[in-house]
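J.:
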Amino acid sequence: MSWTWFHRLASPPHIYRLAQRLTPWFAWPAGALILAALYGGLVLAPPDYQQGDGFRIIYMHAPSAWMSLMVYTTMAVAAAVALIWRMKVAHAVAASCAPIGASFTIAALVTGSLWGEPMWGTWWEWDPRLTSELILLFLYLGYMGLRGAIEDPQRADRTSAVLAVVGIVNVPIIHYSVTWWNSLHQAPSVMRLGKPTLSTPMLVPLLMMMLGFTLFFVAVLLVRLRGEILVRERSASWIREVLST
Amino acid sequence: MPREGLEVENLHLWRGEHHVLRGVGFALPRGGCLHVTGPNGAGKTSLLRAACGLLYPESGRLLWDGRDVHEDLPTFHSVLMYIGHEAPLKADLSARENLRYWIGTRRRIGRDTLGAALQRVGATAWSERPARTLSAGQRRRVALAALSLLLVPLWLLDEPTTNLDAEGQQLVGTLIEEHLARGGLVLAATHHELPLPRSRVQRLELTHE
Amino acid sequence: MSDTRTAAPDAASVLEAARLVLERDLTLALRRRGQLVQPLAFFVIVTTLFPLAISPELARLREVAAGVLWVAALLASLLALEFLFRDDAYDGTLEQYALSGQPLTGLMFAKTAAHWLLTGLPLALMAPLAALSLGAPPDAVPGIVASVAVGTIALSLIGSIGAALTLGLRRSGVLLALLTLPLSLPVLIFGARASELAIHGEPYVAPLELLAALAVLGITLAPLASAAAVRISLE
Amino acid sequence: MREFLDMGGYAAFVWPSYAVTLAVVVLNIVWARSSLARSRAAARRRLAAAGADA
Chain L
1114 MSWTWFHRLA SPPHIYRLAQ RLTPWFAWPA GALILAALYG GLVLAPPDYQ QGDGFRIIYM
1174 HAPSAWMSLM VYTTMAVAAA VALIWRMKVA HAVAASCAPI GASFTIAALV TGSLWGEPMW
1234 GTWWEWDPRL TSELILLFLY LGYMGLRGAI EDPQRADRTS AVLAVVGIVN VPIIHYSVTW
1294 WNSLHQAPSV MRLGKPTLST PMLVPLLMMM LGFTLFFVAV LLVRLRGEIL VRERSASWIR
1354 EVLST
Chain V
12 MPREGLEVEN LHLWRGEHHV LRGVGFALPR GGCLHVTGPN GAGKTSLLRA ACGLLYPESG
72 RLLWDGRDVH EDLPTFHSVL MYIGHEAPLK ADLSARENLR YWIGTRRRIG RDTLGAALQR
132 VGATAWSERP ARTLSAGQRR RVALAALSLL LVPLWLLDEP TTNLDAEGQQ LVGTLIEEHL
192 ARGGLVLAAT HHELPLPRSR VQRLELTHE
Chain A
156 MSDTRTAAPD AASVLEAARL VLERDLTLAL RRRGQLVQPL AFFVIVTTLF PLAISPELAR
216 LREVAAGVLW VAALLASLLA LEFLFRDDAY DGTLEQYALS GQPLTGLMFA KTAAHWLLTG
276 LPLALMAPLA ALSLGAPPDA VPGIVASVAV GTIALSLIGS IGAALTLGLR RSGVLLALLT
336 LPLSLPVLIF GARASELAIH GEPYVAPLEL LAALAVLGIT LAPLASAAAV RISLE
Chain U
492 MREFLDMGGY AAFVWPSYAV TLAVVVLNIV WARSSLARSR AAARRRLAAA GADA
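Protein chains in written order, with this note's numbering: chain L, 1114 to 1358; chain V, 12 to 220; chain A, 156 to 390; chain U, 492 to 545.
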């Protein structure tokens, strides 16, 4: 059947070795991109005409916010694949995603708050994007809480996968409702925490940082994935081989 | 050429870190009865639950009339009846009500049919009492009534004779024999003897290792 | 003697099965009224706490009435969720549902419908009383009843997913709240807005329609998710 | 250099946000490696237990 290549590709030993081999190919470019983007963002980019040097927080805030959503989406897609085709490797991917995504969601919230204080004069503003980010953090915490609370590992995988899929259906609805709610109550004097209009020397480091973070995510995911595969694997022969290296 | 009945091939099942079923296999033809025995924790209940498609095995196949049951579970479920070691009765409902709501989700039943089934298991006297007041043996009898009401081919019974008096055990034997005679299949897990002639029963012994 | 090669010839249809599931849950609830009254009592108590905590001035209370009403309704419906599947999971009823050969999605829908009839609908009928005590004008009553009634449909459906996901757990209360509340946020926003507009005598159709859209989306998707979660809990 | 560190008066906001985010980056590396190490140790223990059985 035409599925055999797919199953061989998705077989745990194959994925384990592939993850091991691929990690440096993502880790080093990620490191180089992040360093270059740091230099570009902190030194080369000119200050914003309105926010001065304060706008440089965007190089940390926006990529973190991007990560929080991108990782959640990855997790939900992996969970759906795992549920539909009963693929253990996909469960391992979903399990690896959650702590990474949650940590970057926290970073996005903290940097958003640090950005808000000089711009709005308050540490927390019920800005629609920050509020959505906070709800996203709750979704991550719920996912990890559910996974941690179920003792049987297989059931934990499958139950939390259902939650991840339910969550991703809700993310756009939550974001829409929060934006709608905010538009009702917005005081006109408050400046939106938004991207200032970015000139090219400002934009390039931002895109580099986002790409760097994305590659970094893949690298960390590959490392975590190996651990999660080992936990789920029963066949001893290749584990013995892998552990001896 | 598809064979009729239930076939289990090389079933491996894990519960967490425990390798509970290690390559279990058997074939149960129409009119056949398989008695699964073994000490506590040997995986009798797990085997039964895997055989009705509730547990998804790590490897191995489960065939009904030659077709993999996991390809179409609802159809497979509509030919089987599983009774666990506790009858699923609500304390606040009477035996009759329990039976109506339980079997009614699968088969249309009239009052008379229900009454006849209750009489068959000797429940007429207490069929209107809330299940809360019933003894373990009486609850088991309600489960037997459910079994006799639902004329599906495959019965999966977990400890069918527990808590029953001698007469109740004999009733289990009679019900099974009638079922086998009309071409039904029975898979029963118990460490007691089944109240049936030995010649009618295949045995499958599960061990710890 | 009947043929044993196929399922029973007089097999029940999904609708008949779902109707029986619904009837059964309603019968059970009526025999156990205490459990039925608890969420309602909770709702009333929470809404009476606010005047004591804020001020007895009706003008001030009116400003927060819609929010108070909805947070209390959300928590009250959450309170009732723990009982939704728990007893059925313990005594093996869910197992029988999963093995009935009927689509489990349909039976889950029936159970959720029963849950709404037993908590959402009474809450919608109680809500005007609470709103009046918080200074809402009598004209606001239809809007409040409509928004709470429609909103609790969505809440029951979202809640059924949470309840099904936490089935295998010994202590599920806090986790159930952590899973359900973020997902319920849109319902809270649209519901509170509809009630607020009703209290201020303004047209509230737009948020009510959004609530209805959420309820419809929930009706189509939530039973699928809770059926999947229930099956997994039986593994 | 002084001027750079001052960030046009926004130093108190810019540097902590860089510190927090980069700390999250570094912690992710540490956590990922330690989680892999833990899983490897657990797998080794399981293999040893299985070996003792046989």
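We treat Cβ as the ideally placed atom computed from N, Cα and C, and that holds for glycine. Just so it is clear, the structure is predicted and the values come from calculations on it, not from any experiment.
1) With 9 Å set as the bound, which would you pick, yes or no: does the beta-carbon of L:Ser1124 sit closer than that to a beta-carbon of chain U?
2) What's the gap between the Cα of V:Leu65 and the Cα of A:Arg179?
3) Is the distance from the Cβ of L:Gly1325 to the Cβ of L:Pro1212 below 9 Å?
4) From the DSSP secondary-structure annotation, give me the bridge partner or partners of V:Ala199.
5) If you measure from the beta carbon of L:Ile1128 to each beta carbon in chain V, is any gap under 9 Å?
6) Per DSSP, what kind of secondary structure is A:Gln257 in: helix, strand or coil?
7) Could you have a look at A:Arg386 and say whether DSSP puts it in helix, strand or coil?
8) Determine the chain L residues that contact A:Ile387 at a beta-carbon separation under 8 Å, and present them in chain order.
9) To which residues does DSSP link V:Phe37 through a beta bridge?
10) Quick one: give me the first and last residue of the alpha helix (DSSP H) that L:Thr1254 is part of.
11) Comparing the C-beta of A:Pro378 with each C-beta of chain L, is any distance below 9 Å?
12) Counting only beta-carbon separations shorter than 9 Å, does V:Gly26 have a partner in chain L?
13) What separation, rounded to the nearest whole angstrom, lies between the Cα atoms of L:Thr1235 and L:Asp1166?
14) Sorted by chain position, which residues of the same chain lie with C-beta nearer than 8 Å to V:Leu175's C-beta, five sequence neighbours on each side aside?
15) Could you tell me whether the Cβ atoms of A:Leu259 and A:Val385 are closer together than 9 Å?
16) Per DSSP, what kind of secondary structure is V:His223 in: helix, strand or coil?
17) For A:Gln193, go through chain V and note every residue whose CB falls closer than 7 Å to its CB, in chain order.
18) Enumerate in chain order the residues of its own chain whose CB-to-CB distance from V:Gly95 is below 6 Å, with the five nearest sequence positions on each side excluded.
19) If distances are taken between C-alpha atoms only, which option among U:Arg535, U:Ala540, U:Tyr509 comes closest to L:Glu1354?
20) Are the CB atoms of L:Cys1210 and L:Leu1334 within a distance shorter than 9 Å?
21) Among residues of its own chain, excluding the 5 on either side of V:Ala128, which ones have a beta-carbon nearer than 6 Å to its beta-carbon?
22) In chain order, what residues of the same chain have a beta carbon less than 6 Å from the beta carbon of A:Leu333, not counting five sequence neighbours either side?
23) For V:Leu186 and L:Leu1343, I'd like the C-alpha separation in whole angstroms.
24) Suppose the cutoff is 8 Å on Cβ atoms and the five residues either side in sequence are ignored; what does the same chain contact list for V:Gly194 look like?
25) Are the C-beta of V:Glu69 and some C-beta of chain L separated by less than 9 Å?
26) Against chain L, does U:Met492 count as a neighbour if the rule is that its beta carbon must be under 9 Å from one of theirs?
27) Which residues in chain A have a C-beta closer than 7 Å to the C-beta of V:Cys63? List them in chain order.
28) Note down, in chain order, every chain A residue with its Cβ under 7 Å from the Cβ of L:Ser1290.
29) Among V:Arg60, V:Leu39, V:His29, which residue has its Cα nearest to the Cα of V:Arg14?
30) Can you check whether the CB of V:Tyr93 is closer than 9 Å to the CB of V:Leu59?
31) Among all the DSSP beta bridges, which residues are the ones paired with V:Gln213?
32) Quick one: which chain A residues come within Cβ less than 8 Å of L:Val1282?
33) Closer than 8 Å by beta-carbon distance: list the chain V residues that pair up with L:Arg1347, in chain order.
34) Using CA coordinates, which residue listed in V:Glu28, V:Gly77, V:Gly121, V:His46 is at the minimum distance from V:His203?
35) Closest Cβ-Cβ distance between A:Gly247 and chain V: below 9 Å?
36) Of all Cβ atoms in chain A, is any one closer than 9 Å to the Cβ of L:Ala1262?
T.: Considering the structure as presented:
1) Residue 1124 of chain L sits at position 11 when you count from the first residue of the first sequence. No, because no Cβ of chain U sits closer than 9 Å to the Cβ of L:Ser1124.
2) Position 54 of the second sequence, counted from the start, is the residue given in the question as residue 65 of chain V. Position 24 of the third sequence, counted from the start, is the residue given in the question as residue 179 of chain A. Roughly 24 Å between the two C-alpha positions.
3) Working through the first sequence from its first residue, we reach residue 1325 of chain L at position 212. Working through the first sequence from its first residue, we reach residue 1212 of chain L at position 99. Contact flag unset, no.
4) Here residue 199 of chain V is taken as the residue at index 188 of the second sequence, counted from 1. Paired residues: V:His46, V:Leu168.
5) Counting from one through the first sequence, the residue named residue 1128 of chain L turns up at place 15. No, L:Ile1128 lies away from the interface with chain V (no Cβ there is under 9 Å from its Cβ).
6) For this step, residue 257 of chain A is matched to residue 102 along the third sequence. If DSSP states are grouped into helix, strand and coil, A:Gln257 belongs with coil.
7) Walking along the third sequence from the start, residue 386 of chain A turns up at place 231. Helix.
8) Start at 1 with the first residue of the third sequence, and residue 387 of chain A comes out as number 232. Under the 8 Å cutoff, chain L gives Arg1268, Arg1271, Thr1272, Val1275.
9) For the purposes of this step, residue 37 of chain V is taken as residue 26 along the second sequence, with counting starting at 1. According to DSSP, which records beta bridges pairwise, V:Phe37 is partnered with V:Val19.
10) Locating residue 1254 of chain L in the first sequence gives position 141, where the first residue counts as 1. Reading off the sequence, residue 1254 of chain L comes out as Leu, not Thr. Element bounds for L:Leu1254: 1241-1262.
11) In the third sequence, residue 378 of chain A corresponds to position 223, counting from 1. No, A:Pro378 does not count as interfacial toward chain L.
12) Position 15 of the second sequence, counting from 1, holds the residue named residue 26 of chain V. First, the residue type needs correcting, since residue 26 of chain V is Arg and not Gly in the sequence shown. It does; some Cβ of chain L falls within 9 Å.
13) Reading the first sequence from its first residue, position 122 is the one you call residue 1235 of chain L. Reading the first sequence from its first residue, position 53 is the one you call residue 1166 of chain L. So the alpha carbons of these two residues sit roughly 18 Å apart.
14) As a working mapping, residue 175 of chain V is identified with position 164 in the second sequence. Counting only Cβ-Cβ distances below 8 Å, and skipping sequence neighbours, we find Gly148, Arg151, Arg152, Leu182, Val183.
15) Position 104 of the third sequence, counting from 1, holds the residue named residue 259 of chain A. Position 230 of the third sequence, counting from 1, holds the residue named residue 385 of chain A. Going by C-beta atoms, A:Leu259 is nearer than 9 Å to A:Val385.
16) For residue 223 of chain V there is no data in the structure shown, the boundaries of chain V being 12 and 220.
17) Here the question's residue 193 of chain A lines up with position 38 in the third sequence. None at all; the shortest Cβ gap to chain V is about 17 Å.
18) Position 84 of the second sequence holds residue 95 of chain V. Excluding sequence neighbours, V:Gly95 sits near Asp169.
19) Position 241 of the first sequence, counting from 1, holds the residue named residue 1354 of chain L. Among U:Arg535, U:Ala540, U:Tyr509, the Cα nearest to that of L:Glu1354 is on U:Arg535.
20) In the first sequence, the residue the question calls residue 1334 of chain L occupies position 221. In the first sequence, the residue the question calls residue 1210 of chain L occupies position 97. Their beta carbons are under 9 Å apart, which means L:Leu1334 touches L:Cys1210 by this criterion.
21) To locate residue 128 of chain V, count along the second sequence from 1; it is residue 117. For V:Ala128, where only same-chain residues beyond five positions count, the Cβ hits under 6 Å are Ala156, Ser159, Leu160.
22) For the purposes of this step, residue 333 of chain A is taken as residue 178 along the third sequence, with counting starting at 1. Within the same chain, A:Leu333 has no close Cβ partners at all.
23) Translated into the one-based positions of the second sequence, residue 186 of chain V becomes position 175. Translated into the one-based positions of the first sequence, residue 1343 of chain L becomes position 230. About 49 Å.
24) As a position in the second sequence, residue 194 of chain V is number 183, starting the count at 1. Result list for V:Gly194: Arg41, Gly42, Pro164, in chain order.
25) As a working note, residue 69 of chain V is residue 58 in the second sequence. V:Glu69 counts as touching chain L.
26) The count along the fourth sequence starts at 1 and reaches residue 492 of chain U at position 1. Taking Cβ atoms only, chain L never reaches closer than 9 Å to U:Met492, which makes this a no.
27) Residue mapping note: residue 63 of chain V aligns to position 52 of the second sequence, counting from 1. Result: Leu254.
28) For this step, residue 1290 of chain L is matched to residue 177 along the first sequence. Correct list: Leu340, Pro341, Ile344, Phe345.
29) For the purposes of this step, residue 14 of chain V is taken as the residue at position 3 of the second sequence. Taking only the C-alpha atoms, the option nearest V:Arg14 is V:Leu39.
30) Taking the second sequence and counting its residues from 1, one reaches residue 59 of chain V at position 48. Taking the second sequence and counting its residues from 1, one reaches residue 93 of chain V at position 82. Yes, the pair counts as a contact, with Cβ atoms nearer than the cut-off.
31) As a first step, residue 213 of chain V must be located in the second sequence, where it is residue number 202. Partner(s): V:Leu45.
32) Looking up residue 1282 of chain L in the first sequence gives position 169. Here the neighbours are Leu376.
33) On the first sequence, position 234 is the one that residue 1347 of chain L refers to. By Cβ distance, chain V contributes Trp25, His30, Glu69.
34) By 1-based counting over the second sequence, the position of residue 203 of chain V is 192. Cα-wise, what sits closest to V:His203 is V:His46.
35) Translated into the one-based positions of the third sequence, residue 247 of chain A becomes position 92. Closer than 9 Å: yes.
36) Taking the first sequence and counting its residues from 1, one reaches residue 1262 of chain L at position 149. Yes, L:Ala1262 lies at the interface with chain A (some Cβ there is under 9 Å from its Cβ).
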